[in-house]
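Heads up: the protein sequence lines correspond to chains X and G, in order. 1 is the number of the first residue of the first sequence in the numbering used here; add one for each residue after it. 471 is the number of the first residue of the second sequence in the numbering used here; add one for each residue after it. The C-beta atom is built at its ideal place from N, Cα and C for all residues, glycine as well. Since we're looking at a predicted model, the values are computed, not measured.
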Amino acid sequence: MNNRLYGNLIFELSRPGRRGYSLPANSFGKYSTADLPETLRRKEEAELPECDELTVVRHYTNLSHNNFGVNDGFYPLGSCTMKYNPIINEEIAARPEFTAIHPLQPDFTCEGSVAVISELRKMLSELTGLYDFTLNPMAGAHGELTGLMIIRAYHESRGDDARTKVLIPDSAHGTNPASAAVCGLEVVEVKSLTDGTVDVEDLRRLVAENQGTIAAMMMTNPNTLGLFERSIPEIAELIHAEGGLMYYDGANLNPMLGACRPGDMGFDVMHINLHKTFSTPHGGGGPGSGPVGVRKGLEQFFPTVGAFNGNFGVYIKALVYILTLGRENISMVGPLATLNANYIKERLKDVYELPIEGLCKHEFVFNGLKDKSTGVTTMDVAKRLLDYGYHAPTIYFPLLFHESLMIEPTENESKETIDGFISVMRRIAEEALSDPEMVKSAPHTTPIGRVDDVLAAKHPVVTYRQILSE
Amino acid sequence: MQYFPHTSEELSEMLSVAGVKSLDELYSDVPEAIRFRREYNLPEAMSEIEIRDYFDRLATLNDPLTCFAGAGCYDHYAPSVIQSIIQRSEFLTSYTPYQAEISQGTLHYIFEFQSMMAEMTKMDISNASMYDGATATAEAAMMAIAAGKKCDKVLASATLDPKVRAVLDTYGHFHGFDVVTIPEKDGQTDLSTLNSQLSTLEGVAGVIVQQPNYYGIVEDFSNIADMCHSAKSLFIINSVIADLAILRAPGEWGADIAVGDGQSLGIPMNFGGPGVGYMCCTEKLIRKMPGRIVGLTKDNRDQRAFVLTLQAREQHIRRQKATSNICSNQSLMALYVTIYLSIMGTQGVKEAAELSYAGAHYLHDALVATGYFKPRFEGPFFNEFCLTYDGDVDSLIEECADRGFLAGVKIDEHTIMIAVTEQRTKQDIDLLVETIKTIREDAA
Chain X
1 MNNRLYGNLI
11 FELSRPGRRG
21 YSLPANSFGK
31 YSTADLPETL
41 RRKEEAELPE
51 CDELTVVRHY
61 TNLSHNNFGV
71 NDGFYPLGSC
81 TMKYNPIINE
91 EIAARPEFTA
101 IHPLQPDFTC
111 EGSVAVISEL
121 RKMLSELTGL
131 YDFTLNPMAG
141 AHGELTGLMI
151 IRAYHESRGD
161 DARTKVLIPD
171 SAHGTNPASA
181 AVCGLEVVEV
191 KSLTDGTVDV
201 EDLRRLVAEN
211 QGTIAAMMMT
221 NPNTLGLFER
231 SIPEIAELIH
241 AEGGLMYYDG
251 ANLNPMLGAC
261 RPGDMGFDVM
271 HINLHKTFST
281 PHGGGGPGSG
291 PVGVRKGLEQ
301 FFPTVGAFNG
311 NFGVYIKALV
321 YILTLGRENI
331 SMVGPLATLN
341 ANYIKERLKD
351 VYELPIEGLC
361 KHEFVFNGLK
371 DKSTGVTTMD
381 VAKRLLDYGY
391 HAPTIYFPLL
401 FHESLMIEPT
411 ENESKETIDG
421 FISVMRRIAE
431 EALSDPEMVK
441 SAPHTTPIGR
451 VDDVLAAKHP
461 VVTYRQILSE
Chain G
471 MQYFPHTSEE
481 LSEMLSVAGV
491 KSLDELYSDV
501 PEAIRFRREY
511 NLPEAMSEIE
521 IRDYFDRLAT
531 LNDPLTCFAG
541 AGCYDHYAPS
551 VIQSIIQRSE
561 FLTSYTPYQA
571 EISQGTLHYI
581 FEFQSMMAEM
591 TKMDISNASM
601 YDGATATAEA
611 AMMAIAAGKK
621 CDKVLASATL
631 DPKVRAVLDT
641 YGHFHGFDVV
651 TIPEKDGQTD
661 LSTLNSQLST
671 LEGVAGVIVQ
681 QPNYYGIVED
691 FSNIADMCHS
701 AKSLFIINSV
711 IADLAILRAP
721 GEWGADIAVG
731 DGQSLGIPMN
741 FGGPGVGYMC
751 CTEKLIRKMP
761 GRIVGLTKDN
771 RDQRAFVLTL
781 QAREQHIRRQ
791 KATSNICSNQ
801 SLMALYVTIY
811 LSIMGTQGVK
821 EAAELSYAGA
831 HYLHDALVAT
841 GYFKPRFEGP
851 FFNEFCLTYD
861 GDVDSLIEEC
871 ADRGFLAGVK
881 IDEHTIMIAV
891 TEQRTKQDID
901 LLVETIKTIR
911 EDAA
């Protein structure tokens, strides 16, 4: 990461006639696409850049310098589990014996790849207390959708077609209600108590009101406030007694490693974000992987949700991670992530508003600065953090508070890193009082300043061709 | 091996700040009955040396074969610079570019990706990527259903890849729309039946066809757009994107939505993933589009800047009213194909396509000349084709695999589908033909 805007588009570096590729000479003689009927051939060329190799390499290297990753610095983005992505994972996943395998090869020629899948399925089952996994879903939200499909298929198989509603707490990730809607299910929102956990009495009322129509309850535990839902055994019993299934959103699985398994909590179906809990890189927004696990008997309902075997390359990385840590260390992941989060919370709660006291798990939520008199918002604090070389926490989520600032440090961060972050957060709180305008206009040292979101949305320009025609 | 930096002094200091006596006490809010109190039944921790040994062993169980298989996954050339750039940790270890000020790298390449997908498909708009071609097709169907009035079905050609169709059926079943098959005639979409389906069926949101189709045939889509639009349906084309270097683009056929898989742009086969799906559409449909979109704007220093835009369509704002549940997609693989297209450029994609076409036709004729094979269909093909084999296709594929070749993909007992890319030299192809001849002569 550097602080000077690079700013070019590859199209602007293009010069007609430049070449960055080399291909063998065509030795096949008479065959040519010119033999295809004219109506099947394109009329207008694709206007792609024409660049030499060095120009391309420099362009993307320069672009990378305007980006910030976990390897650049602390990335406490709540709910995203931005843990370290071990380099050995990448080395193994790049081996040509794996990358050169076609998905439709005869089984006897790809037993190594098949073994990667079966080993990972077994290990995920052990780690979660569920019976079996399908690895195919290609992201967390894709896993949610797949899991809900399994739940619907289960009810359908019993002729229980009226079960079309999903109970979802108001604190849930936005993907939960969106996945339910894509799956053709109706969302029934469950209220939170003032302590941020599910209101079991409200739930009881909703269950009674919707008797015979509840397909499932979707929860993440710990919830999006980082709080463990202690009533989970009671909730699971309530839903099961009604005939519904329990769905676990695995986005917050990390603190549970070594402490508590979703299967033992009473969940029937869950997804895991391999790119969160199992250290595979987030890649600027994918490729992730969202394996779905189920209780015994539900594996017959795994649906077809992709053309081949899902994001296989990601499985290798997750498998390397689990094998690297092994049974001795994997149990420490949850406790150390939880310790780091609680340590930050306790060291900052005198200057940032902690709406709910007590132990958190891997993450927690502040409701902005404690002293809001100067009008410095969570957005401003987040932007000012960028000036100090930190990625911002997740902001304005969950929606339960107006100024949510959600911090998740992960188990990989050292005490010095965390102490550095704490002192910067305290310094920003001081700056908010001594020089609020400076904080409100942050960031000041990044390649670009705050962007005009309204301009972008009012008149969307989303391709280079549109820029040229402006 | 582990990645925890905590020393024992630090642990005790941090525990005391957290107000607990032990790590265990951090979980005092978890009911004892559901605590996990035993060791996981997993292997012991491995050192890097042991990890390498473990995967050396698994690697020997795989046989990378000289690949003549396609069916949606192709062994195209990957320029060497790509892998080195996408491994840069600023790209690899970042997440969704919510903080635009420190994410211009990601936002820039997504904008470039969108621009390139729009060029390849000749459509107005592209999003930031989808999971794969199959889910992109299903999302296109849902988009059509949402855009239509009182629509409850889409039509899908029988020549659509059955794996894509299976995903479409899954989404249709749960989302609540029917997928009605347009029959095929000699391996191509039966246009006269499509016409009568469009005039008799109510509530058709969209028509889905594939180019080249599942059997490798390049279909003529003339008039389909008009048929669709007069029936108030959207025209959706799923294309193998590399072939669009030469083939008439979805926009030129009058498509409303263009989707497909980007794997053919040099992405390693990797047992099927990760690849990348793409989705493009007309400007009119932009607010119905699922997934992330990057747009141009300015910052407060009057500099050009890129940002995630039109987020009001998305799940984190709209929750159950969102256009889709997709959020994370295949961003790094979008970078992969963006670099691929930057390196290859307008000429390179055409040259690669030309080589693939020529190699495929050369192999096709050589196999027919052996006398063991006959063309299965009549239509023109690009770099993939079906042949009827006078023996058992399974055993042919197995025997070729024993000799280091992945000869193709089985369509039925007597039909094999074979693909050729620019990676297959004349020598590779001649050797495959010789190998098949030897197999037959040995058997005789």
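- For the pair of segments examined, the segment 51 to 69 of chain X was found to touch the segment 556 to 566 of chain G: the number of CB pairs separated by less than 8 Å reaches three.
- Exclusion of the five residues before and after isoleucine 899 of chain G leaves Gly829, Tyr832, Leu833, Ala836 and Val890 as the residues of its chain whose Cβ lies within less than 8 Å of its Cβ.
- Per DSSP, the continuous beta strand (DSSP E) segment holding alanine 215 of chain X begins and ends at 214 to 219.
- The beta carbon of tyrosine 859 of chain G sits no closer than 7 Å to any beta carbon of chain X.
- Taking all protein chains shown into account, leucine 185 of chain X has 16 or more neighbouring C-beta atoms within 10 Å of its C-beta and is therefore buried.
- Taking 7 Å as the threshold, the shortest C-beta distance from methionine 697 of chain G to chain X does not fall below it.
- With a threshold of 7 Å between beta carbons, proline 303 of chain X makes contact with chain G.
- When Cβ pairs closer than 8 Å are counted between the two stretches, the segment 325 to 339 of chain X is seen not to touch the segment 163 to 183 of chain X, the count staying below three.
- The beta carbon of asparagine 2 of chain X sits no closer than 7 Å to any beta carbon of chain G.
- Under the Cβ distance rule, alanine 588 of chain G counts among the residues neighbouring chain X, one pair being separated by less than 7 Å.
- Buried is the label assigned to alanine 172 of chain X, since at least 16 other Cβ atoms lie within 10 Å of its Cβ.
- The straight-line gap separating the alpha-carbon atoms of glutamate 189 of chain X and proline 177 of chain X is approximately 9 Å.
- Along the segment 22 to 33 of chain X, the positions whose C-beta sits under 8 Å from a C-beta of chain G are Leu23, Pro24, Asn26, Ser27, Phe28, Gly29, Tyr31, Ser32 and Thr33, read in chain order.
- According to DSSP, lysine 768 of chain G shares a beta bridge with G/Arg774.
- If the five residues before and after alanine 216 of chain X are omitted, its C-beta is found closer than 6 Å to the C-beta atoms of Ile151, Val166, Gly244, Leu245 and Tyr247, all from its own chain and listed in chain order.
- Under the Cβ criterion of 7 Å, glycine 815 of chain G is counted among the residues facing chain X.
- For valine 439 of chain X, the enclosing alpha helix (DSSP H) stretches over residues 436 to 440.
- Per the DSSP secondary-structure output, glutamine 658 of chain G pairs in a beta bridge with G/Lys655.
- With contacts defined as CB atoms closer than 7 Å, histidine 362 of chain X and alanine 392 of chain X fail to qualify as a contacting pair.
- For tyrosine 131 of chain X, the three-state secondary structure derived from DSSP is coil.
- Close to asparagine 367 of chain X, with beta-carbon spacing below 9 Å, lies no residue of chain G; the smallest spacing is near 19 Å.
- Taking 7 Å as the cut-off, the beta carbon of phenylalanine 561 of chain G is found closer than this to the beta carbon of serine 64 of chain X.
- In this structure, arginine 783 of chain G and methionine 759 of chain G form a Cβ contact; the two beta carbons are roughly 7 Å apart against a cut-off of 8 Å.
- In the structure shown, isoleucine 272 of chain X adopts extended strand secondary structure according to DSSP, grouped into three states.
- With a threshold of 7 Å between beta carbons, asparagine 799 of chain G makes contact with chain X.
- Our two residues, threonine 220 of chain X and glycine 686 of chain G, have alpha carbons roughly 45 Å apart in a direct line.
- Around the beta carbon of glycine 676 of chain G, 16 or more other beta carbons lie within 10 angstroms, which makes this residue buried.
- The Cβ-Cβ distance between isoleucine 595 of chain G and isoleucine 756 of chain G falls below 7 Å.
- Alanine 839 of chain G sits in a helix when the DSSP states are folded into three classes.
- For threonine 338 of chain X, the neighbours in chain G by C-beta distance under 9 Å run, in chain order, Ala488, Leu493, Leu496 and Tyr497.
- Chain G places no beta carbon closer than 7 Å to that of leucine 130 of chain X, leaving this residue out of the contacts.
- It is roughly 30 Å from the alpha-carbon of glutamine 472 of chain G to the alpha-carbon of proline 738 of chain G.
- DSSP places glycine 290 of chain X in the coil class of the three-state scheme, outside both helix and strand.
- Per DSSP, the unbroken beta strand (DSSP E) holding serine 627 of chain G starts and ends at 623 to 627.
- Put simply, the CB of leucine 528 of chain G is near chain X, with a gap under 7 Å to one of its CB atoms.
- Closer than 7 Å to the CB of glutamine 211 of chain X there is not a single CB belonging to chain G.
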